[in-house]
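Chemist: A single structure is presented below for examination.
In my numbering, the protein residues as written are 781 to 1076.
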């Protein structure tokens, strides 16, 4: 069993503190407000009002911060990490354990259960004239892949890496067959690989964003969107990244089309990556989720 992500002392402080200050979003979508929190040994669940600016921020970026200060300045706590714009508290599997942490009269169906994974901790405690400060990454923070790694996991994780490898290998063999006399062969191969990554990554990012947003409305499974479920990306940035990736594929394909045998190269990229199958698979997921929603 893995060790807890937060020290027992921090969980205890949060248990007695009451509402905490939550910061979400960035730029124009940045927002802050006091929210209630259910501290568990394995995760923190924030109760975020549905339709609030906090929710809007979480849909744009998973980065979030929690602060808690004692009224007598006895302690000051800051947690930085990632948060997931989840479904309503009433639909959460642990709703029976979350509800007691809500204020009297709160409506679970109007609050979102937002899992928060702390990656950095700063705790300052004051005892008389003694001031102790602890700061550093949590186990989850040390394991975090970073922003580039998060995008790579989202775009090329799971079956995506095999699709990308198949496309890269097929185009490599194809240009080997065309021979060393092929004009600008290194550039053409590079463009083909850009097309491979853009096509596979674009389909996966758009598919996961759509699957996650469907799950938030009670349709389908969140397991179809692992990168968003785990808080590596937010749905809107995944959708935006998917569109950029497909634009890169389209641009690379247009340039490749001007090369000798360019149309064949583009076709090899599409077929070798299994892009039609990937797209059809995501479309099937969407159709099944829609039917489940109608039946429900």
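Cβ coordinates follow ideal geometry from the N, Cα and C atoms, glycine included.
Could you give the distance in angstroms between the alpha-carbon of residue 933 and the alpha-carbon of residue 1007?
Modeler: 7 Å
Chemist: Look at the Cβ atom of residue 1045, then the Cβ atom of residue 968, and state whether they are nearer than 9 Å.
Modeler: yes
Chemist: When the Cα atoms are used, what is the spatial distance from residue 922 to residue 1024?
Modeler: 29 Å
Chemist: Which residues does DSSP pair with residue 907 in a beta bridge?
Modeler: 910
Chemist: Can you tell me where the alpha helix (DSSP H) holding residue 1013 begins and where it ends?
Modeler: That residue, residue 1013, is in no alpha helix (DSSP H); it is neither H nor E in DSSP.
Chemist: Let me know if residue 866 comes out buried or exposed under the rule of 16 or more other beta-carbons within 10 Å of its beta-carbon.
Modeler: buried
Chemist: What separation, rounded to the nearest whole angstrom, lies between the Cα atoms of residue 1076 and residue 925?
Modeler: Unreliable placement is indicated for residue 1076, whose pLDDT of 49 sits below 50; no coordinate value is reported for it.
Chemist: Alpha helix (DSSP H) containing residue 941: first to last residue?
Modeler: 939 to 958
Chemist: Taking C-alpha atoms, which residue in 1055, 1062, 974, 1056 lies nearest to residue 1036?
Modeler: 974
Chemist: What does DSSP give as the partner residues of residue 1020 in its beta bridges?
Modeler: Answer by DSSP bridge pairing: none, since residue 1020 is not bridged.
Chemist: Would you report the Cα separation of residue 884 and residue 1068, rounded to the nearest angstrom?
Modeler: 39 Å
Chemist: Curious, which full-length alpha helix (DSSP H) runs of at least 4 residues does the region 1027 to 1064 contain?
Modeler: The DSSP assignment places 1042 to 1052 as complete runs of the alpha helix (DSSP H) inside the region 1027 to 1064, in order along the chain (cut-off: 4 residues).
Chemist: Could you check which residue in 827, 850, 946, 852 has the C-alpha nearest to that of residue 869?
Modeler: 827
Chemist: Roughly how many angstroms separate the alpha carbons of residue 1027 and residue 1055, rounded to a whole number?
Modeler: 15 Å
Chemist: Is the separation between the beta-carbon of residue 790 and that of residue 901 shorter than 9 Å?
Modeler: yes
Chemist: Could you say which of 801, 851, 820 lies nearest to residue 788 if we only look at CA atoms?
Modeler: 820
Chemist: Using the Cβ count rule (16 or more neighbours within 10 Å means buried), how would you classify residue 796?
Modeler: exposed
Chemist: So, residue 861 versus residue 833, is the Cβ gap smaller than 9 Å?
Modeler: The answer is no: Cβ separation not under 9 Å.
Chemist: Between which two residues does the beta strand (DSSP E) carrying residue 724 extend?
Modeler: This structure gives no information on residue 724, because the portion of the chain shown stretches from 781 to 1076.
Chemist: Report yes or no: do three or more beta-carbon pairs, one from the region 871 to 887 and one from the region 810 to 818, lie closer than 8 Å?
Modeler: yes
Chemist: Residue 991 to residue 1005, Cα distance in whole Å?
Modeler: 6 Å
Chemist: Would you give the residue range spanned by the alpha helix (DSSP H) that residue 931 belongs to?
Modeler: 926 to 936
Chemist: Report the three-state DSSP secondary structure of residue 1076 (helix, strand or coil).
Modeler: Only weak support is given to the placement of residue 1076: the predicted model assigns it a pLDDT of 49, under 50, and the value that follows is read from those uncertain coordinates. The answer is coil: DSSP assigns residue 1076 none of H, G, I, E or B.
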